[in-house]
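**Student:** What follows is a single structure, and I will ask about it in a moment.
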Amino acid sequence: MAHLHWSNDLNTGIEVIDGQHKQIVEYINRLNDARISGDRHEIGEVIEGMVDYTLSHFAFEETLMSDASYQFLHGHKKIHEIFVSRIHKFHERFAAGEEVTEELHALLCRWLFNHIRSDDAAYVGAVRGKMLKLVGEKHEGGWLSRSLSRFFA
Ligand SMILES: [Fe+2]
Ligand SMILES: [Fe+2]
């Protein structure tokens, strides 16, 4: 499978979230490059970096949804959890010497764009509503940077 390419319909309209999603796409593409070159060390590093980054992204999203009192937060969290445990299983198999990269890459390609287009798109109204309210109160920057600094170094 070739590289993933960003398309405009993936934009949520929340700039900070779009930036994070693009970063995850970047990891998936790096995983594909490492798979083609067959460099196991690089594959391991990319998987670990991607897992770390994705966990931070999920935690950040969950904070935004929670602060916005998003009604489907619980279900969205569950979807994140299930995904993370699937990826951990792939990582374990990889660490045990199994060849999983192609299968993992295919799952990531399918899952990410699907999740962005359906589950993430669904919280945008609530989160943007909260943001716009804060813009009126001139606190949006503070709220976002406080949330960001909790999850991203
Ligand atoms: Fe997301
Ligand atoms: Fe999400």
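Going by our numbering, the first residue of the sequence shown is number 527, and it counts up by one from there.
Backbone N, C-alpha and C fix where the C-beta goes; we use that ideal spot for every residue, glycine too.
(1) Exposed or buried, which one is Leu557 when buried takes at least 16 other CB atoms within 10 Å?
(2) Is Asp535 near ligand 1 - that is, is its Cβ less than 6 Å away from at least one heavy atom of it?
(3) Counting pairs of beta carbons, one from the stretch 583-596 and one from the stretch 563-572, are three or more of them closer than 8 Å?
(4) What I want to know is whether the C-beta of Glu607 ends up closer than 6 Å to one or more non-hydrogen atoms of ligand 1.
(5) Near His529, what residues of its chain come up, given a Cβ to Cβ distance below 7 Å and the 5 sequence neighbours on each side ignored?
(6) In whole angstroms, what is the alpha-carbon distance linking Ala579 and His606?
**Tutor:** According to the structure data:
(1) To locate residue 557, count along the sequence shown from 1; it is residue 31. By the neighbour-count definition (other C-beta atoms within 10 Å, threshold 16), Leu557 is a buried residue.
(2) As a first step, residue 535 is located in the sequence shown; it is residue number 9 there, counting from the start. Answer for Asp535: no, Cβ out of range of ligand 1.
(3) no
(4) Stepping through the sequence shown from its first residue, residue 607 is reached at position 81. The answer is no for Glu607.
(5) Position 3 of the sequence shown, counted from the first residue, corresponds to residue 529. Here the set comprises Asn555 and Asn558.
(6) Translated into the one-based positions of the sequence shown, residue 579 becomes position 53. Translated into the one-based positions of the sequence shown, residue 606 becomes position 80. The question names Ala, yet the displayed sequence has Tyr at residue 579. Distance between the alpha carbons of Tyr579 and His606 is about 13 Å.
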